[in-house]
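If you read the sequence shown in our numbering, its first letter stands for residue 2, the second for the next number, and so on. Single-structure report; data block below.
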Amino acid sequence: MGMFSRINDIVQANLNAMLDKAEDPEKIIRMIIQEMEETLVEVRSDAARFIAEQKTLNRQLLAVNKEVNNWQRKAQLAMDNDKESLAKAALVEKHKYVDKAAAINEQLTQLSESIEKLQIDTARLNEKMREAKQKQKALITRKQTVSARLKVKTSQNSTKIDDAMMRFEHYEQRIDHLEAQVEAYDLPEKTVSLNEEFADLERDETIENELAELKKSKVA
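Set out below in C-alpha cells:
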C-alpha cells in the first residue's frame, strides 16, 4: 500500500542529515513535523476504515456461517427422510456458503495484518515525531541562546563605544587645559595707572607722617 511506503520513508529519514544540509533548519523541521502530522491523520483515517470493514465482514461471516449451519441441518433432514437427492442439493448450497465464508476469512486475515502493521507504523511514526519535536525544541533553544549572546555582544560593543567617547572627551578637556595654560603665558603684564601711582605715594606719605608723630611722642 502507498501509505505504508510513505510511512516507511518518513520513519527511515535521517533528520540530522536533512537538517545539516538545510539552509534554514528551523523551517525544514517545521515542514517535517507538519508532514508527519498529516500522515498520522491519514493513517488514523485508514485505520478507522479498516476497522469498519472488519466489523462489516464479521457481520457477513456470522450471517454466512448461519447459512452453512442451516443448509447442513436441511441436508440432514432430507437424509433422515430418505431423500438423498434433496440432501445432496442442500449440501451443494451449503458449500456455496462455505466458500463465501473462506473468502471472508481471507479478507479478515488481510485486514487484521493491515491494521496490525498500521498500529506498529503509527507507533514508529509517533516516536519519530517526538524526535523531530525534540530537535525543533533544541533548535529554538539554540536560536534563543545565540540571540541572547549576540545581544550581550552588541551591548558590550556599545559599552566600549561609550568608554571610547568618554576617553575622547577627557583628552579634549586636557587639551583645552593645556591650551588655556599657553594662552595665560601670552597675556600682557598688568600696567599701573597714573591714579594708582599717586594713591600709592599719598598712602606712603601718610604712613611716614604717622610714623614721625609716633617718634615725637616717644621723645617727649
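We put the beta carbon where it would ideally sit given N, CA and C, even for glycine.
- Each of 32, 27 and 22 was checked against the Cα of residue 141, and the nearest Cα belongs to 27.
- In this model, residue 209 and residue 174 are separated by some 52 Å (Cα to Cα).
- Annotation: residue 79 to residue 69 spans about 15 Å, alpha carbon to alpha carbon.
- Assigned with DSSP and collapsed to three states, residue 201 falls in helix.
- For the pair residue 41 and residue 126, the CB atoms are nearer than the 8 Å cut-off.
- Per the coordinates, the alpha-carbon of residue 90 lies some 11 Å from the alpha-carbon of residue 97.
- For residue 84, no alpha helix (DSSP H) run applies, since DSSP gives it neither H nor E.
- Looking at the backbone, the Cα of residue 32 and that of residue 53 are separated by about 32 Å.
- With contacts defined by Cβ atoms closer than 8 Å, residue 34 and residue 130 form a contacting pair.
- Straight across, the Cα-Cα distance linking residue 167 with residue 176 is about 14 Å.
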